[in-house]
Every structure is written in structure tokens, then in C-alpha cells.
Amino acid sequence: MATLMVRGIQVNVEIWYEKEKETIVLLHGFTGSTKTWHRVIEHLPSSIKIVTIDLLGHGKTESPKDPSRYTMIEQVKDLEEIFHQLDLHDFTLLGYSMGGRVALSYAARFPKRIKRLILESASPGLRTEEEQAARRQSDESLADEIEEKGIHWFVEKWENIPLFASQKTLPAEVRQAVREERLSQSETGLANSLRGMGTGAQASLWRKLIRLSMPVFLITGELDQKFVHIAEQMVDQLPNAQHLIVPNAGHSIHVENPEQFATIIKGVL
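Going letter by letter, the sequence shown gives residues 1351 to 1619 in our numbering.
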């Protein structure tokens, strides 16, 4: 575990098997942290260098009060500085959900850095300005509620949205670990993440997909039909992409079946 000073912000980073040449960087989703990957890492070989990062406003990374610090452009600049400090070149970048949007945004800006791109339950954003405006309004309202009603209210609401329905059947200890990870977040960090780099706030990347020549692996859960459909549309636009659908899994495949998710990563690498 290391704390880096990145463009005026303290960022938490965890690194495993530091001397290995093959490197993968893992980016968590909204309400997540480096902890979200621990059960997956247990099933990965020590022949791979693994880097996990707490994105801005999450985990042990700082949560600035200024929402403008959280834009996707700022996130991409942060990642570039982190990779520069860690001397990372030609690596595999994996992102889940929000982290997938961050990973895709980074790959669109710095394509030569990325050896492979793995996106779990991720999207290139919304296609139209109308969709973006409606989502921004929705995210702004939720951000206000998080600040007003607190983290416990939000986690109760968030864990019961349809997107995570498949997690209801997970063992109690797994569900409790996910809940504790969510409860450990700050109201400011989550609210400003929604405002700055929510799906409505980020620029659409649909038209940039055709420019990404690196191998892209899209992973979705069979039960998450919304993101299965998005991945199918992305495959049509990406020059070098594969789409893997995991049976009996929802949005958070790495949580619901970490061993199978690790097996997929090993196959990709």
C-alpha cells in the first residue's frame, strides 16, 4: 500500500508482486475501493504485477469539496500522473462500471499506453445531449440527497436498486463486506463523484470507439441485460473487441463470482 501525492491530492494505491513484468491496473466502481478486488486477487498468480487505485472521492483517497475537481478530464489527468510516478508503460487496464468509464476515457486519451483494455459492466456514456441532461439532473438530485440524508440512508437505497438484485443471493458475509465498503465512503466524495463524472456529466465516447485499436475485452453478466445490450453495441464499433457473457451473474461479476472473474483475467493475459 502506498500514498501518492497526485496533482495536490493524496491517492491510495495498492501494489502486488511488484517485480513482475506483466502488469494489470484495476479501477473500482462507484461506492467501491481497492478492497473490491481483494477476493479476485486471491485467485490471480504471482507472475502478474497488480495495481489497484482508490479513485478520487473513494476509499482512502481524498475527497475534495470542489465538484469541478471530479470531472472525467481531471480523473484521466490523475491516472496519467499516477502511471508516470509508478513508471507504468504498456499495461493492461481493467475498469468496472464507473471505473470502466474512467478506463475507457483514459484509453481514448492515451491509447499508446494501453496493451489491453478490459471493461466489466461499463459503457461509453450516453449518446444524446437530451439523455445526458436528464441523467445529470437525476445525479445532481441524488448527490444533494446523499449530502442531506447521509451515507447510511444512501447505502440502504443503493443496495436495493434493481442493478444489484442478483447480489441478494450471495452469502451473508459477502453482502456484509460489500455493505461495509459502501458505508466507509464519504458523503462529499460520493456526491461530487456523481456531479463530476457521473454518466450524464461525462462526454460521450461512442464516436471514439472506432479509434481504439488495442484488444478490448467486454465482460458482462447474463442477468444484467442492460449492459449486455450496451456491450453488444460497443463490439460493433470497436475494431478489436470480444464480448464475454458470464452465466448466472449480474452487474458485479467480480463480487458474485471472483474465482471465475480471475479465470477470465488470466485467460485474457
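The beta-carbon is built from N, C-alpha and C at its ideal position, and this holds for glycine as well.
message: Tell me which residue opens and which closes the beta strand (DSSP E) that residue 1466 is part of.
response: Taken as a continuous stretch (DSSP letters only), the beta strand (DSSP E) holding residue 1466 covers 1464-1470.
- request: Report back the beta-carbon spacing between residue 1562 and residue 1589 to the nearest angstrom; my notes put them in contact at under 8 Å.
  value: With a Cβ gap of about 7 Å, residue 1562 and residue 1589 count as contacting.
field: Alpha carbon of residue 1515 to alpha carbon of residue 1577, nearest angstrom
entry: Between residue 1515 and residue 1577, the C-alpha separation is close to 14 Å.
- prompt: If you draw a straight line from the alpha carbon of residue 1490 to that of residue 1545, how long is it in whole angstroms?
  reply: When only Cα atoms are considered, residue 1490 and residue 1545 end up about 6 Å apart.
message: Report the start-end ranges of each alpha helix (DSSP H) in the stretch 1518-1584 that is 4 residues or longer and not cut off at the edges.
response: Taking only runs of at least 4 residues, the alpha helix (DSSP H) segments lying wholly in the stretch 1518-1584 are 1522-1533, 1537-1547.
query: What are the boundary residues of the alpha helix (DSSP H) that residue 1436 is part of?
result: Residue 1436 -> no alpha helix (DSSP H), and no H or E assigned at all.
query: Quick one: what does DSSP say residue 1382 is sitting in, helix, strand or coil?
result: Residue state, collapsed to three classes: coil.
message: With distance defined between alpha-carbon atoms, name the residue in 1355, 1433, 1391 nearest to residue 1318.
response: Any property of residue 1318 remains undetermined from this structure, which presents the chain solely from 1351 to 1619.
query: Short check: CB of residue 1443 to CB of residue 1453, under 8 Å?
result: With respect to residue 1453, residue 1443 sits close: the two C-beta atoms are nearer than 8 Å.
task: Could you name the residues that DSSP lists as bridge partners for residue 1429?
output: Paired residue(s): none; residue 1429 is not in a bridge.
- prompt: Nearest to residue 1555 by alpha carbon, out of 1593, 1364, 1455?
  reply: For the options 1593, 1364, 1455, the alpha carbon positioned closest to that of residue 1555 is the one of 1455.
- prompt: So what does DSSP say about residue 1445, is it helix, strand or coil?
  reply: Strand at residue 1445.
message: Pairs of beta-carbons, one from the stretch 1602-1617 and one from the stretch 1393-1402, closer than 8 Å: are there three or more?
response: Per the Cβ contact rule, the stretch 1602-1617 is in contact with the stretch 1393-1402 (3 or more Cβ pairs under 8 Å).
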